[in-house]
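These notes concern the structure reproduced below.
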Amino acid sequence: MRKDSREAVFVLLYRDCFCADFDEKFKAKIYKEHNLNENDINFADELYSKVKENEEYLLDIISNLSQGFLLNRIFLTDKCALLIGLCEMAFSPDVPKIVAIDEAVNLTQKYSGEKSQAFVNGILAEFKKRQESAN
């Protein structure tokens, strides 16, 4: 399931916050723990790659939309969920924007604080609004 793929990518991104080197064995372990099949693995690999390729751009968006919050003060769990949600909204036209938002908020609900859900939802909703007004 894509939900499980997103959660696996979330774990990989969270690990990246502490370790600069990529660990293929760790990735395989996480994919196995999340019971990813071949399609799920392909989705997760593509999503992870898109996030990493566009990380600076996505972090700039977070920085610009998180009024009053410095990027280094945002919970790492929130940042990882935002990276996934923003990446899907910006670079995956096959994923409905509302699904990307819901999935990111669900990750935040599972891994972060209660107020984080509203924070992540607010940033992603604003990004969606700006994307729609630009088109």
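For the sequence shown, this note's numbering begins at 68 and goes up steadily by one.
Yeah, the Cβ is synthetic: ideal placement off N, Cα and C, and Gly gets one too.
Since this is a predicted model, take the numbers as computed values, not measurements.
Classify residue i: buried if its beta carbon has 16 or more other beta carbons within 10 angstroms, exposed otherwise.
i: R73; result: buried
i: C147; result: buried
i: A185; result: exposed
i: F110; result: buried
i: L138; result: exposed
i: K164; result: buried
i: D88; result: exposed
Assuming residue i and residue j make a contact with CB atoms under 8 angstroms, what is their CB distance in whole Å?
i: D127; j: S183; result: With a Cβ gap of about 20 angstroms, D127 and S183 do not count as contacting.
i: M68; j: D107; result: 7 angstroms
i: K70; j: E170; result: 7 angstroms
Which same chain residues end up closer than 7 angstroms to residue i when comparing Cβ atoms and leaving out the 5 residues on each side of it in sequence?
i: L79; result: K94, I97 and Y115
i: V162; result: E155
i: A75; result: I97, Y98, H101, L103 and A111
If I measure Cβ to Cβ from residue i and keep anything under 8 angstroms in the same chain, skipping five residues before and after, which residues do I get?
i: L125; result: V118, L149, L150, L153, C154 and A157
i: I168; result: G152, M156, N188, L191, A192 and K195
i: I129; result: L138, I141, K146, L149, L150, L153 and I190
Tell me the residue span of the alpha helix (DSSP H) that contains residue i.
i: C86; result: From DSSP, C86 is part of no alpha helix (DSSP H); its letter is neither H nor E.
i: Q134; result: Here Q134 belongs to no alpha helix (DSSP H), and DSSP marks it neither H nor E.
i: F110; result: E105 to E120
*Cβ pair count under 8 angstroms reaching 3, the region 108-127 against the region 145-160*: yes
*Stretch-stretch touch, CB-based, cutoff 8 angstroms, three pairs: the region 135-150 with the region 176-190*: yes
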